[in-house]
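In what follows, a structure is listed as structure tokens, so that the remarks can point back to it.
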Amino acid sequence: MGLKENVEAIKQELSTEEQFLESVIKAEGFFKKYKKLLIALTAVIVVAALAYGVTDYIKNKNIREANEALAALQANPKDSAALDTLKSKNPALYALFSFSQAVKSNDVKKLEEIEKSLKDPVLKDLAAFQSASLNEDEKALTAYAQKQDAMLREIAVLDDAFLLFQQGKSKEAREMLNQIPVTSTLYQVVQSFMHYQK
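Numbering (my numbering), first residue to last: 25 to 222.
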């Protein structure tokens, strides 16, 4: 290696160091210029991360406490402390538990209360059907069956027809049963009813 080559290598090394120093000076200038903005941005990111962590922790804690309360209620449905915990930590699960208890005990008044107070359309629909069915209320069953979005529409028709058969109104009951289409999974039950009531 000659002297000329050594000089070129040293020049290149110095040039690289100069570029590094230049970029450090530029970065320092950039930082000084935008120091407040960078600190504010970092603070916002840290606060957002902390808020997300705290929110996630609280959410998981509420879920865990609601599940523990539900387990306690399944063991003892009369546990008022667990009922209050479930109601405060997870109102939707509380509504579902209340509905299941009302159905289990055939408590029509509770079902009617649930139907009026609920926002969940599925539970509201189920409560409406269950209370009409338990009351053996022909008008309520007919009104339920006439709703196009009723989940248990065909079962309500079947219940209503059964009540009519019990009252000796076979003609009206048959007309009611004719509302259930051939494609329904209940069609075999309808056929049995029609055959049985001849």
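Here a beta-carbon is modelled for each residue, glycine too, at the ideal position from N, C-alpha and C.
For residue i, collect the residues of the same chain with a Cβ closer than 6 angstroms to its Cβ; drop the 5 residues on either side in sequence, then sort them by chain order.
i: Ala93; result: Ala106, Thr109 and Leu110
i: Asn84; result: none
i: Val132; result: Ser155, Leu158 and Asn159
i: Ala75; result: none
What is the rounded straight-line gap between the Cα of residue i and the Cα of residue j?
i: Phe217; j: Glu136; result: 30 angstroms
i: Val127; j: Pro101; result: 13 angstroms
i: Lys143; j: Pro115; result: 11 angstroms
i: Pro205; j: Tyr211; result: 7 angstroms
i: Lys134; j: Ser141; result: 10 angstroms
i: Lys148; j: Glu196; result: 28 angstroms
i: Ser183; j: Pro145; result: A small fix is needed here, since residue 183 is Asp in this sequence, not Ser. If you take the alpha carbons of Asp183 and Pro145, they lie about 22 angstroms apart.
i: Asn159; j: Gly77; result: 50 angstroms
i: Glu42; j: Lys59; result: 25 angstroms
i: Lys57; j: Asn86; result: 45 angstroms
i: Asn130; j: Ala95; result: 22 angstroms
i: Gln154; j: Val71; result: 49 angstroms
i: Ala119; j: Ala167; result: 24 angstroms
i: Ser208; j: Glu162; result: 22 angstroms
i: Leu150; j: Val68; result: 47 angstroms
i: Asn202; j: Ile179; result: 13 angstroms
i: Glu32; j: Thr40; result: 12 angstroms
i: Ser23; j: Ala73; result: Given a span of 25 to 222 for the chain in the structure shown, any question on residue 23 remains unanswerable.
Using the rule of at least 16 other Cβ atoms within 10 Å of the residue's Cβ for burial, across every protein chain shown, is residue i buried or exposed?
i: Val48; result: exposed
i: Leu97; result: buried
i: Val214; result: buried
i: Phe44; result: exposed
i: Ile223; result: Any question about residue 223 goes unanswered here, given that the chain covers just 25 to 222.
i: Phe55; result: exposed
i: Ser157; result: buried
i: Gln191; result: exposed
i: Glu29; result: exposed
i: Ala64; result: exposed
i: Asp165; result: Before going on, a small fix: residue 165 reads as Leu here, not Asp. Buried.
Which residues mark the beginning and the end of the alpha helix (DSSP H) in which residue i is found?
i: Thr109; result: Ser104 to Lys113
i: Ile138; result: Val132 to Ser141
i: Glu166; result: A small correction: the amino acid at residue 166 is Thr; Glu does not occupy that position in the sequence shown. Here the alpha helix (DSSP H) through Thr166 covers Glu162 to Gln170.
i: Asp184; result: Arg177 to Gln190
i: Asp80; result: Lys59 to Ala99
i: Asp173; result: Taken as a continuous stretch (DSSP letters only), Asp173 belongs to no alpha helix (DSSP H), as it is neither H nor E.
i: Pro145; result: Pro145 to Asn159
i: Ser194; result: Ser194 to Leu201
Just to confirm my understanding: we take residue i, look at its own chain, exclude 5 residues before and 5 after, and list those with CB closer than 8 angstroms. What are they?
i: Glu89; result: Thr109 and Lys113
i: Ser242; result: Because residue 242 is not part of the residues shown, which for the chain are 25 to 222, the question remains open.
Can you list, in chain order, the residues of its chain whose CB lies under 7 angstroms from that of residue i, leaving out five sequence neighbours each side?
i: Met200; result: Val181, Asp184, Ala185 and Leu188
Three-pair Cβ contact test at 8 angstroms for the region 187-198 versus the region 168-177: no
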